[in-house]
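A.B. asks: Sequence positions in the sequence shown follow our numbering and run 256 to 849. Glycine residues also receive a C-beta, built at the ideal position from the N, C-alpha and C atoms.
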Amino acid sequence: MKTHGSWLLLAVLASPCGAAQLVCEGILGNSGEQGETLVRFATARPARGIGVVADRFGSLWDRAGLGRLNRYAPDGRLLAHYRIPDRSGSNDQIALVGDTLVLLLGDQLCALPIAAAPDSEAASLGIQAQCISFGAHQGRIAAATKEDILLVDPTTRNARKLAAFPGVQALDFAPDGALLVMANWRVHKLVNGQPVADGWPKGSPGERMQCLDGCVFGHGWHGTIRRFTADLEPAPGVVLGGASGSFIGHLDQNSELSNGRGMALVRPGLFAVSGLGGILHLMAWSAERQQMTLVRRIGAVPACRGIGLDREGNVWWHAGSWKWTDRPDTPLRFGVNAPEHPGVAQVVMLDSDSMVAPGNLWGKPAFYHGPLTGEVQGQRVDQGCGLKNDRVGCAAYKSKGALTLLAINEAGEGQAFAIGADGRYESDLGAVALKTAAPVKAWTSLAMKGPDTLLGAADGHVVEMARDDNDWKETRRWRADFGPAIWIAADAGRLWVADRSRHRVVVLDLATEKALASFGAPDKAGADLASLSDPTAIAARGDRAVVCDAGNQRLVKLTLPRAQLTGEAPHAIMAVAAGGGLDRWMARHGARSW
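1) Pull up the DSSP beta-bridge partners for I339, would you.
2) How many Å lie between A275 and A319 at the Cα?
3) Spell out the partners DSSP gives N615 in its beta bridges.
4) Using the Cα positions of R566 and D798, report the straight-line distance between them to the nearest angstrom.
5) What did DSSP end up calling L512 once you bin it into helix, strand or coil?
6) Can you look up N346 in the DSSP assignment and give me helix, strand or coil?
7) Taking 8 Å as the cut-off, does the region 535-551 touch the region 623-641 (at least 3 CB pairs, one atom from each stretch)?
8) Answer with buried or exposed for G563, where buried requires no fewer than 16 other C-beta atoms within 10 angstroms of its C-beta.
9) Buried or exposed: which applies to W617, given that a residue is buried once 16 or more other Cβ atoms fall within 10 Å of its Cβ?
10) Look at the alpha carbon of P557 and the alpha carbon of R759, and state the distance between them as a whole number of angstroms.
11) Whole-angstrom Cβ separation of L406 and R395, contact assumed at under 8 Å?
12) Figure out for me which residue from V591, C470, A452 has the closest Cα to the Cα of D486.
13) Can you check whether the CB of L531 is closer than 8 Å to the CB of G331?
14) May I ask you to report which of helix, strand or coil DSSP gives A824?
15) For a test of the three-state rule: what should DSSP assign to E280, helix, strand or coil?
16) Taking the C-alpha atoms as reference points, what is the distance between L709 and Q385?
17) Go ahead and pull the three-state DSSP assignment for T355.
18) In this structure, does DSSP put N439 in helix, strand or coil?
19) For the region 351-400, which segments carrying the alpha helix (DSSP H) assignment without a break, of at least 4 residues, lie completely within its bounds, in sequence order?
20) Look at the alpha carbon of T585 and the alpha carbon of Y327, and state the distance between them as a whole number of angstroms.
21) Consult DSSP for N413 and reduce its assignment to one of helix, strand or coil.
22) Quick one: Cα of V687 to Cα of T659, how far?
23) Taking the beta strand (DSSP E) that I534 falls in, what are its first and last residues?
24) Which residues bound the beta strand (DSSP E) around S576?
25) Is there contact here, the region 691-705 with the region 674-682, by at least three beta-carbon pairs under 8 Å?
26) For K377 and I339, which I take to be in contact (beta-carbon distance under 8 Å), what is that distance rounded to the nearest angstrom?
27) Should R809 and P777 be called a contact, given that it needs their Cβ atoms to be closer than 8 Å?
28) Any idea what DSSP makes of A692, helix, strand or coil?
29) Relative to the C-alpha of A712, which candidate in N325, I793, A772 has its C-alpha closest?
30) In angstroms with no decimal places, state the Cα-to-Cα distance between A824 and Q289.
31) Taking 8 Å as the cut-off, decide whether the C-beta atoms of R732 and V752 are in contact.
32) Does DSSP put T292 in a helix, a strand or coil?
33) By Cβ distance, which residues of its chain are closer than 7 Å to L763, with the 5 residues on each side in sequence left out?
34) Taking C-alpha atoms, which residue in A657, S459, K812, T411 lies nearest to D427?
35) The beta strand (DSSP E) that contains I553, what's its start and end?
36) Do you know how far the Cα of L520 is from the Cα of D468?
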């Protein structure tokens, strides 16, 4: 039974004369937006993307975490998911032979018919390999073992030796049926299993070599895609991104495509590409400019510990940013090198409107800092910095005249760092203790209530602390009816609270601690545009906030009702698939039609 205090809070939140309802301004980061079409990953076990195939119905397939294969509409909706072995390896890959998917997971091949019912499980073929072709020829894919190249028929499970060829890195069928084989970063051409000597072998186009749409593509870091003719002549070379050594100067990158796992042709001039983390993007090819342009992101927000939000409404997550008015399927802008899993800790917005967030980058402590109107800087610190990758909560304040970033882990162990006005790391200031009146099991986040008062979210409580030399000491705990885990953010005299198990966001006045507004039905999870499911990390700036709706793997944009709304209204995603094939597939499987 709920306490009197909880009923009072609910009454205040529901009363037209008391707290109001926050306004949902839309979704970022999940191309399915809401309801049954929300994209979901197996978040407990992240895994690399395996490439992407487009079937004859127009749907797209890629892995979404260990043990899960997702099927998407080209407009970003999740159509179905399937069970696959929870193995992984550096060469995991997907191919399509007729109406049968073939997957290399670890060193084992398995298969799944595209007509399989949702939640079906892929079946083992009993064949080992270390890489496979993206394409098929005469009903077979090519597969390489340590010593040989095989031709594999997934319908009969027959594998016959084509040629002895050790050390294969990648292979695929050329448009004329010849087999291109990459070994030691040289590409050989085989016809009927015999190497062609006329001008071959040639230089590598990059990683994950693939023959597609009459061309040969290769991938590299920094979101780089290279395009060549079937004879491996540049056509023109780099068409997206620009890895070191590929381009002199600077090109935008998309870290979710570093480095690409494989591509599919959706329709003439439109390609899908799979990223290292299993996020798909659609790319439009311009023959005039000889470039690819990202036009849609297909995926979710599988993990989120920190969100940045500036005064203009720019939102930073993972390794890039969105505008406030961006859609659920908008690709990230201003990409930078991504932090190691599970990402940066809580993002702090400074008075300069620059962000700062600690994380790890390439095995070293790193501080992501700068304004959200362009690329932030991923500043690696090679030595003298005690930052660990277990930080969750952060806050910035002045200490002895120096701007200080405090970062804590779940146990409340704090470390302070001197930073510049733009968030740049300057020095390690040592350990900081959070001294509480009662033991705390788990801290999640921090916020400042004025220059000398620190707020911490711990075990469902807002813990108020005052300075105690270089440490912080508890003075009181706010009385509120929150669940056992909350996340907080403060700005403009308000405290925004994401209440995970009660599936809501509550806005409180920092001075009076009274509820001003809320979002989500208390104690009722949902996936529509009026609901939340397990909200966690939250960022607030002025009348705006963005919360990680973790149970739905999306970011939700919220505003106070009196705020002047400048963004577009919540919307439904428009379908782009042509031909009606997806509708026919959904009708056969009882799926909803849009």
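C.D. replies: In brief:
1) Residue mapping note: residue 339 aligns to position 84 of the sequence shown, counting from 1. Partner(s): none; I339 has no beta bridge.
2) In the sequence shown, the residue the question calls residue 275 occupies position 20. In the sequence shown, the residue the question calls residue 319 occupies position 64. One C-alpha to the other measures close to 38 Å.
3) Here residue 615 corresponds to residue number 360 of the sequence shown, with the count starting at 1. Looking at the DSSP assignment, N615 forms a beta bridge with P620.
4) Within the sequence shown, the letter at position 311 stands for residue 566. Within the sequence shown, the letter at position 543 stands for residue 798. Between R566 and D798, the C-alpha separation is close to 9 Å.
5) Residue 512 sits at position 257 when you count from the first residue of the sequence shown. Correct three-state label for L512: helix.
6) In the sequence shown, the residue the question calls residue 346 occupies position 91. The answer is coil: DSSP assigns N346 none of H, G, I, E or B.
7) no
8) Numbered from its first residue, the sequence shown carries residue 563 at position 308. It is buried - the Cβ of G563 has at least 16 other Cβ atoms within 10 Å.
9) Here residue 617 is taken as the residue at index 362 of the sequence shown, counted from 1. With fewer than 16 Cβ atoms within 10 Å of its Cβ, W617 is classed as exposed.
10) The residue given as residue 557 occupies position 302 in the sequence shown. The residue given as residue 759 occupies position 504 in the sequence shown. P557 and R759: Cα-Cα distance of roughly 20 Å.
11) One-based indexing of the sequence shown puts residue 406 at position 151. One-based indexing of the sequence shown puts residue 395 at position 140. Contact flag correct, Cβ pair sits at about 4 Å.
12) The residue given as residue 486 occupies position 231 in the sequence shown. Considering only alpha carbons, the answer is C470.
13) Counted from its first residue, the sequence shown places residue 331 at position 76. Counted from its first residue, the sequence shown places residue 531 at position 276. For the 8 Å CB-CB criterion, G331 and L531 do not form a contact.
14) Counted from its first residue, the sequence shown places residue 824 at position 569. Model confidence at A824 stands at a pLDDT of 39, short of 50, so the residue's coordinates are unreliable; what they give is reported in the following sentence. Coil at A824, not helix or strand.
15) Within the sequence shown, the letter at position 25 stands for residue 280. Looking at E280 - three-state DSSP - the assignment turns out to be strand.
16) One-based indexing of the sequence shown puts residue 709 at position 454. One-based indexing of the sequence shown puts residue 385 at position 130. Whole-angstrom Cα-Cα distance: 54 Å.
17) One-based indexing of the sequence shown puts residue 355 at position 100. Note: T355 maps to strand in three-state DSSP.
18) By 1-based counting over the sequence shown, the position of residue 439 is 184. It is coil, neither helix nor strand.
19) none
20) Along the sequence shown, read from residue 1 onward, the residue named residue 585 stands at position 330. Along the sequence shown, read from residue 1 onward, the residue named residue 327 stands at position 72. Their Cα atoms are separated by approximately 16 Å.
21) Here residue 413 is taken as the residue at index 158 of the sequence shown, counted from 1. In this structure, N413 counts as strand in the three-state DSSP scheme.
22) Residue 687 sits at position 432 when you count from the first residue of the sequence shown. Residue 659 sits at position 404 when you count from the first residue of the sequence shown. Going from the Cα of V687 to the Cα of T659 covers about 11 Å.
23) Start at 1 with the first residue of the sequence shown, and residue 534 comes out as number 279. No beta strand (DSSP E) contains I534, which DSSP labels as neither H nor E.
24) Within the sequence shown, residue 576 is the residue found at index 321, counting from 1. Note, S576: beta strand (DSSP E), 575-577.
25) no
26) Your numbering for residue 377 matches position 122 in the sequence shown. Your numbering for residue 339 matches position 84 in the sequence shown. It is worth fixing the name first, because residue 377 is Ala in this sequence and not Lys. 5 Å between Cβ atoms; contact.
27) Translated into positions along the sequence shown, residue 809 becomes position 554. Translated into positions along the sequence shown, residue 777 becomes position 522. It is not a contact, given that the beta carbons lie outside the stated cut-off.
28) Within the sequence shown, numbered from 1, the residue matching residue 692 stands at position 437. The DSSP-derived three-state label of A692 is coil.
29) Translated into the one-based positions of the sequence shown, residue 712 becomes position 457. Closest by alpha carbon: I793.
30) Residue numbering aside, residue 824 sits at position 569 when the sequence shown is read from its first letter. Residue numbering aside, residue 289 sits at position 34 when the sequence shown is read from its first letter. Legend: pLDDT at A824 = 39, less than 50; position of this residue unreliable, value from coordinates given subsequently. Their backbone Cα atoms lie some 15 Å apart in a straight line.
31) For this step, residue 732 is matched to residue 477 along the sequence shown. For this step, residue 752 is matched to residue 497 along the sequence shown. Result no, Cβ atoms of R732 and V752 do not sit closer than 8 Å.
32) Numbered from its first residue, the sequence shown carries residue 292 at position 37. Looking at T292 - three-state DSSP - the assignment turns out to be helix.
33) The residue you call residue 763 lines up with position 508 of the sequence shown. Taken in chain order, the residues that qualify are R749, L750, V752, K769, A770, L771.
34) Stepping through the sequence shown from its first residue, residue 427 is reached at position 172. Selected option, being the one with the closest Cα: S459.
35) Sequence index remark: in the sequence shown, residue 553 carries index 298 (1-based). 546-553 is the span of the beta strand (DSSP E), which, as asked, contains I553.
36) Residue numbering aside, residue 468 sits at position 213 when the sequence shown is read from its first letter. Residue numbering aside, residue 520 sits at position 265 when the sequence shown is read from its first letter. Their backbone Cα atoms lie some 7 Å apart in a straight line.
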